[in-house]
Each structure stands twice: as structure tokens, then as C-alpha cells.
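Working notes for the structure below.
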Amino acid sequence: MKLSTEEVARVARLARLDLSEEKTEIFAGQLHNILSYMDKLNEIDTSNVEPMFSPVEHTTVLRKDVVVKEHTRDEILSNAPDTDGQYFVVPRIV
Amino acid sequence: MSSIIEKSLTEIHSLLIAGEVTAVDAVKACLQQIEKTEPQIKALLAQNGEEALKLAAEMDKQGPDASKPLWGVPVVIKDVLATKGITTTCGSKILENFVPFYDATSIAKLKEAGAIVIAKANMDEFAMGSTTENSAYQTTRNPCDLNRVPGGSSGGSGATVTAGQCFAALGTDTGGSIRLPASFCGCVGVKPTYGRVSRYGMIAYGSSLDQIGPMTRTVEDSARVLSVISGHDPKDSTSVNCEVPDYVGALNKRTDLSGLTIGLPEEYWGEGISEEVSEVCQNAIKKAEELGAKTVPVKLAMTEYAIATYYIIAMAEASSNLSRFDGIRYGHRTKNADELIDLYTKSRTEAFGDEVQRRIIIGTYVLSAGYYDAYYCKAAQIRRLMRNDFEKAFESCNLIAGPACPTTAFPVGDLTADPLQMYLMDIFTTSLNLVGMPGMSLPVGIGKDTNMPVGLQLMGPAFGETTMLQVANVLEKNLPDFSKPKMI
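Residue numbers (the working numbering), protein chains in the order written: chain X, 808 to 901; chain E, 190 to 677.
Below, the structure written as C-alpha cells:
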């Protein structure tokens, strides 16, 4: 399947990436090669095969819903690029 | 001092406990070796020398603690694992200034066992790569030949162990990222069963594939580190709650390989392997037979689909995992955005490298409406067929063996322009991550054409680490000694 530059640009937008025209062009070629290679999976009939999403297929682990204060506010804010000392600061939304 | 770094982890630990070497001596010896070798091999990112010396001095003051299996032992950690108070970048500019305020469970366990973290190891950005050339900071060189790559993505961990900068390093293996650099650098690298070691505090790449494991210069050293980091962790819901065997104690229970059957998959021993790798690995198998092992052919028919299956699943999971990097709570934030979506997009575009962007885009594509069934779901179905293959193969053998990689370490820059060719280097390692079973690379010889190390891959059934380590230990004792540091 040929991947168009428009399609690469669209998927990049969905992934919140902004590619230059030149990079979109290069990626389209590389992604085309990679996806064509992946198409070889169609050689196998998997119609009755249950998909396996993880090697550990145990049931969901449940625990008591107890509030635990593991980290302080200062710790959580310590790596943020911008804070007011209490909250993460983001650009105006509305 | 130099004699200290030539010891194995097990040897240095005995000397430390006996008081013949102090923790400060051990740390100093490693720091000296780092100073000497690091300008050329560039295996490390953040260094923690001063803090390590301080901690060692405190430990010495209290005296050795024989109950701690890593007391006083300097170790290096792949930069994908959160280490409290030490910059953790994951090889990416997006986490350039990230200093975790907590330890990954595996690090907490190492510290509890008495290990001293002296540095973080370089890696391919977000563990994506097979050569450590995708690091945003530097290209690590192979200590056995500085013109060659150390393998990836735990190339920094492999190189630091082989160069004698530390006695053990932790790596992570999503599609072969421990086994490949172990093979290229000539050290021992173990990928445990999925669920054996907690992934809490590891910056996730492919969550259903990632495992943390040891890289050391001997099998016994790996067994020791694995014993420490294994076990159930309530903080990781995929961590498995079953008993951790005494891996170190088990090693002495076997001195030959009688009664064991090793499966040789025809798919791993045929075309596509370089002559020198084939020769060295075949000699190792002959040695195993001399030592009493029986070998049988086994079939892993899905091997040719492993790379495609692996990359679909890994990239899908990566695109999802990496969505957390949005420039708000941690990591790089652009200076040129005045609205929110723009802030996300510019921050990510500025700070993610090309390979990471490529994988995010493919991952997003294969998960998008209309393609999910054709790619992701299809890959997950083939993943099950692959596990069936392995389970069937293990009905007729205790272990499976083959080369860890089709070639020895190749020159820096050889494959950087062609991502698909790079992905194909993982042909023999990815299957095991998909099925979740344990594997390791053991140095078994030197290739005659390149004069570089060759790794034999041993693979076991789920939670079959003990037998795997026993066999590796017997082989190691009967093959030439590769445990001394290179580039001394």
C-alpha cells in the first residue's frame, strides 16, 4: 500500500507532530517500505485465532480504593516546565 | 586499583564482605576506569561519582553486611529507569532535565541489596534502535573495536560492563535490546520472563514486551543480579506473583549438561547468518554436546513473521505510551506556543528524534480506524500462533539455542540511513519478547573475519530461567574466558 505524503501529514497531526515538507516526503518513502514489509502478515490465515495482547493474561488486579499520599505537591511539580508553585501552568484555553 | 575492576561481581563482592576491599576502593577503581575509557567509548550519561563515594564511605563506616548480595558493588543503570535524584533522560532531549523523585522498583531493590549506582548508561532514544546511534546525546562505541557499534538499545549498558567501568549494569529488552548489545560487546545479558521483574519506574516503550534484566561479565553475576531484581510488585499489575528461585545456588547443582535436550530451530541456523557467527555458534553447540546435552531439531515456523509482528505491536504501544510527553508536567516545553494544541505539537516536534517520530507515526497509523484490524489485531493473532510454536517446541526440549544476531557488531553509521534494514537485525530476538519467554546472550567466541565477539542465544520456557542460567554457566566454564574487561 502506497502511503501518500498527505496521509503521513494527517497521521502526524493526529500524533501531535508537525513535520516539515521535506521530512514528510522522506517519512512517506520509509513508512511505505516498512508497511509493505508488514503486509507479509496477510500471508497467514488467522480467521479463528484469538488475539494475544500480552504474555500475562491474568485477570484484572483489584485492590481496595484507599487514598494514599505517596508524593508531595512539590515533588510532583518539581519537573514541570512552568508552575505557579501550586499548579501546572498552561497557555490560555478559552 | 586496576586489579579491582578485573574481578567479576561475585569475586569483588566476596572481597568486599571479607573487608579486603572497601566500598570506597571499589567505587574509586570504577571511577578511574570511567575517566580513562569514557572519552572514547561514551557509554554514560549522568554520572553520580561524588554521591557514590559519599555513600561508599558511609557504608564502609558501618562495615560490610554479608546478608546483602550486592553490598558495596558499583553498578550502572540504563537511562530508561527512574533513579531518585539522578537525571533520567531516556536518551531523549524531551527529558533533558528530568530528575525523578522516586526509584524504579528494580533500582530500589538493587540499593536495598547494597549496590551503589555510579552512573546512567547511554541508550537509543526511548529504547528505539539496535545500535545506540539513536541517542539524542552521543554515539556509544564498542569497547572491543571503537569503530563499531555496541548494539542497542542497551548499548551503553553493554559497553560499560565490557569496559570494566562497573561490575553490572541494568538494561531493558523490548525486542532484543539486552541480548543484542551483550552479543556485540561480548558480555552476558539476560532478558527474564515477562512479569518476572517489575517494570514500575521504567519509562515504557512497548508495555507488553519490555523487560528489565542484568548485563554482566559472567553468568553467575547475572544470576546474582537477577535474584535481587526479581519478584512480585503490587505497583506493576503485569508483575507475576510466583516464587523467585535461588538462581545463584542452582548454578552449582549442575557441572555438565547430561539429561538435557537443546532444541535447534532450523529457522535460526539457515541462510542469512554470517559465516563467522554460524561457525562460532556451531562450535558452542558441539561443546554442549560434548558436555552431555542432546540436540534435536525444532520448528519455529513463525520466525519469518516475527519482525513485522513485533514492530506493529511495539510501535502501536509506543505511540500510546509516548502521548504522555506533552510539555505540561515534565520534559521539554516549546517557547513558541500561545495555545494548548500548538504547545503539545511544538514541544513534541522539537524534542523527539527522527526514529521516535517515525515509530509514533506508524504506531498511530496502525491503530487508526480502518487499519486496526489489518495491522494491530492481525499482529496480535500471529503473536498467539508464535507462542503456540514455542510451547510446542518446548515439548521436545528443555532449551532452545541459536545465534543472538546474524552478524557481529558492524561499523558505526552502516545502517543509519535504512530503518528497515536496521529492524531486520532483530530477527532472532523479537519472537521471545512477543511470547514473553526468557532468553539470554552468552559470549561463546570471537568471529574470525571481524575479530568481534559472538553471542549464543539460549531461550527457555516461561519462568525457566534456572535451567537457562545453569546451561550457560556450564558452557561458560568450558569455553575460553571472556570475562576480563576490554580496553584496559
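Every residue, glycine too, gets a C-beta built ideally from N, C-alpha and C. Please read all numbers here as calculations on a predicted model, not as lab measurements.
Query                                                                                                                           : Result
Residue environment, E/Cys-431, which counts as buried when at least 16 other CB atoms sit within 10 Å                          : exposed
Min CB distance E/Cys-566 to chain X below 8 Å                                                                                  : yes
DSSP state of E/Lys-217 mapped onto helix, strand, coil                                                                         : helix
Beta-carbon contacts of E/Glu-539 that lie in its chain and below 6 Å, excluding the five residues immediately before and after : Thr-523
First through last residue of the alpha helix (DSSP H) which encompasses E/Gln-610                                              : 608-613
Those residues which DSSP pairs with E/Ile-261 across a bridge                                                                  : It is Gly, not Ile, that sits at residue 261 of chain E in the sequence shown. The partner list for E/Gly-261 (beta bridge, DSSP) is empty, contrary to what the question assumes.
E/Thr-672: first and last residue of the uninterrupted beta strand (DSSP E) it sits in                                          : According to the sequence displayed, residue 672 of chain E carries Ser and not Thr. No beta strand (DSSP E) contains E/Ser-672, which DSSP labels as neither H nor E.
Presumed contact (8 Å Cβ cut-off) between E/Ser-411 and E/Pro-403, rounded CB distance                                          : 5 Å
Nearest-angstrom Cα separation, counted from E/Ile-551 out to X/Arg-823                                                         : 13 Å
X/His-878: contacting residues in chain E (beta-carbon distance under 8 Å)                                                      : Phe-290, Tyr-291
Anticipated Cβ contact below 8 Å, E/Arg-349 with E/Val-663, distance rounded                                                    : It is Thr, not Arg, that sits at residue 349 of chain E in the sequence shown. Incorrect: roughly 27 Å between the Cβ atoms, too far for contact.
Per-residue burial, X/Ile-900 [other beta carbons within 10 Å of its own, 16 or more giving buried]                             : exposed
C-alpha gap between E/Glu-654 and E/Ser-419, whole angstroms                                                                    : 11 Å
Nearest candidate by alpha-carbon position, reference E/Asn-667, set E/Gly-634, E/Thr-639, E/Ala-598                            : E/Gly-634
Closer than 7 Å at the beta carbon, the chain X residues around E/Ser-346                                                       : Those within 7 Å of E/Ser-346 in chain X number zero; the least Cβ separation is about 23 Å.
Proximal residues of chain E, C-beta to C-beta of X/Val-815 below 9 Å                                                           : Ile-550, Tyr-554
Length of the line joining the Cα atoms of E/Trp-260 and E/Leu-489                                                              : 42 Å
Through-space distance from E/Met-391 to E/Thr-276, alpha-carbon basis                                                          : 14 Å
Neighbour-count burial assignment, E/Met-190, 16 or more Cβ in a 10 Å radius                                                    : Bear in mind that the predicted position of E/Met-190 carries a pLDDT of just 47, short of 50, making it too unreliable to give a figure here.
Segment contact flag, the stretch 561-575 of chain E with the stretch 297-308 of chain E, C-beta cutoff 8 Å, min 3 pairs        : no
E/Asn-331, DSSP secondary structure in three states                                                                             : strand
Alpha carbon of X/Glu-906 to alpha carbon of E/Gly-345, nearest angstrom                                                        : Nothing about residue 906 of chain X can be read from this structure; chain X reaches only from 808 to 901.
Backbone CA spacing between E/Arg-406 and E/Ser-197 [nearest angstrom]                                                          : 7 Å
With 16 other Cβ atoms within 10 Å as the buried cut-off, status of E/His-688                                                   : Only positions 190 to 677 of chain E appear in this structure, which leaves residue 688 of chain E out of reach.
Every unbroken alpha helix (DSSP H) inside the stretch 390-445 of chain E [4 residues or more]                                  : 408-418, 436-440
Near-chain X residues of the stretch 590-623 of chain E (beta-carbon distance less than 7 Å), N- to C-terminal order            : Pro-608, Leu-609
Meets three-Cβ-pair contact criterion under 8 Å: the stretch 496-504 of chain E and the stretch 461-470 of chain E              : no
Partner residues on chain E for X/Gln-751, Cβ-Cβ distance less than 9 Å                                                         : One cannot answer for residue 751 of chain X here, as it falls past the ends of chain X, which runs 808 to 901.
Alpha-carbon spacing of E/Val-680 relative to E/Asn-331, whole angstroms                                                        : The structure shown does not extend to residue 680 of chain E, since chain E is modelled only from 190 to 677, so the question has no answer here.
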